Amino acid sequence: RRVLFRSRARFIAASGLLHALRYETHPVEDLIDVEKWARFLAIVDLTEAYHSLIWHNLRFYFNPVTHRLEPVGYDGFNEDGAFNWLGDKNVVLHSDKNAQPLRAITSCEAVREAYREALALYTNSEFLDQFEKKTEAELAERLDWLQAGSPGYSWDFENWRERAAMLAETVDQEIPSDPELRFWANV
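Residue numbers (this note's numbering): 15 to 201.
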């Protein structure tokens with residue numbers, strides 16, 4: 015009975031945060047884990063996993079310790095590879111003003127600043143070198159498994175390096191106060 019009460023209380027708390035985020039009734043930084051969302055959005059940009067940002071693919075985890083919503087990466091890939099709806103753009107610079115709750119998150123100044131920091135880190139060539147060295151063997155071990163579900167899947171760190179170099183140029187760009195994400199019109 016105690017477990018059910020805790021679960022119910024957590025559900026109510028989590029749904030209240032999501033409602034507040036959707037309708038912007040409270041400051042965004044009081045509802046979400048700013049650092050985790052910023053890192054998530056930077057990774058989405060680096061991997062071009064924009065499909066995961068469509069409203070029906072957004073997933074949230076309610077952290078019962080911090081009482082904040084955290085992102086859960088989901089469905090950022092399809093059989094044709096990573097979506098590239100933004101071209102040389104990035105998600106925080108071009109967020110749809112009509113797509114809640116993503117718009118609220120990407121409009122939050124604290125998220126924007128943390129996103130810049132995360133993007134600067136993830137596009138740093140030393141970081142990418144370390145990441146490749148750390149994950150290359152593990153990825154090679156899993157490639158057969160990945161290709162069983164997606165036969166055309168391939169992995170190329172060089173593509174990431176090119177994308178990172180392009181995104182690195184956007185880190186210092188001014189972020190408009192009312193950004194628009196043009197790809198939402200295509201969904």
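For glycine and all other residues, C-beta sits at the position ideal for the given N, C-alpha and C.
Please read these numbers as outputs of a predicted model, since none were measured by experiment.
For LEU67 and VAL48, the rounded distance between their alpha carbons: For the purposes of this step, residue 48 is taken as the residue at position 34 of the sequence shown. For the purposes of this step, residue 67 is taken as the residue at position 53 of the sequence shown. If you take the alpha carbons of VAL48 and LEU67, they lie about 16 Å apart.
Who does PRO85 pair with in a DSSP beta bridge? Taking the sequence shown and counting its residues from 1, one reaches residue 85 at position 71. According to DSSP, PRO85 bridges with PHE74.
Classify ILE68 as helix, strand or coil using the three-state DSSP reduction. The residue labelled residue 68 in the question sits at position 54 within the sequence shown. Coil at ILE68, not helix or strand.
Through-space distance from LEU142 to ASP23, alpha-carbon basis: In the sequence shown, counting from the first residue as 1, residue 23 sits at position 9. In the sequence shown, counting from the first residue as 1, residue 142 sits at position 128. Here residue 23 is Ala; the residue named in the question, Asp, does not match the sequence. Whole-angstrom Cα-Cα distance: 41 Å.
Using the C-alpha atoms, what's the distance from THR39 back to ALA154? As a first step, residue 154 is located in the sequence shown; it is residue number 140 there, counting from the start. As a first step, residue 39 is located in the sequence shown; it is residue number 25 there, counting from the start. Whole-angstrom Cα-Cα distance: 46 Å.
Sorted by chain position, which residues of the same chain lie with C-beta nearer than 6 Å to ARG53's C-beta, five sequence neighbours on each side aside? As a position in the sequence shown, residue 53 is number 39, starting the count at 1. Cβ neighbours of ARG53 beyond the five flanking positions: ALA132.
What residue range is occupied by the uninterrupted alpha helix (DSSP H) comprising ILE57? Position 43 of the sequence shown holds residue 57. Element bounds for ILE57: 48 to 61.
Classify GLN144 as helix, strand or coil using the three-state DSSP reduction. For the purposes of this step, residue 144 is taken as residue 130 along the sequence shown, with counting starting at 1. Three-state DSSP puts GLN144 in a helix.
Quick one: is LEU45 buried, meaning 16 or more other Cβ sit within 10 Å of its Cβ, or exposed? As a working note, residue 45 is residue 31 in the sequence shown. LEU45 comes out buried.
Around the C-beta of VAL42, are 16 or more other C-beta atoms found within 10 angstroms, so that it is buried, or is it exposed? One-based indexing of the sequence shown puts residue 42 at position 28. By the neighbour-count rule (16 or more Cβ atoms within 10 Å), VAL42 is buried.
Should the segment 146 to 153 be regarded as contacting the segment 115 to 122, the criterion being three or more beta carbon pairs within less than 8 Å? no
Cβ of LEU32 within 8 Å of Cβ of LEU83? Position 18 of the sequence shown, counted from the first residue, corresponds to residue 32. Position 69 of the sequence shown, counted from the first residue, corresponds to residue 83. Yes, the pair counts as a contact, with Cβ atoms nearer than the cut-off.
Identify, in the order they occur along the chain, each residue of the same chain with its Cβ nearer than 8 Å to the Cβ of ILE26, setting aside the five sequence neighbours on each side. Within the sequence shown, residue 26 is the residue found at index 12, counting from 1. Within the same chain, ILE26 has no close Cβ partners at all.
Using the C-alpha atoms, what's the distance from GLN114 back to TRP51? Taking the first residue of the sequence shown as position 1, residue 51 is located at position 37. Taking the first residue of the sequence shown as position 1, residue 114 is located at position 100. Straight-line Cα distance between these residues: approximately 15 Å.
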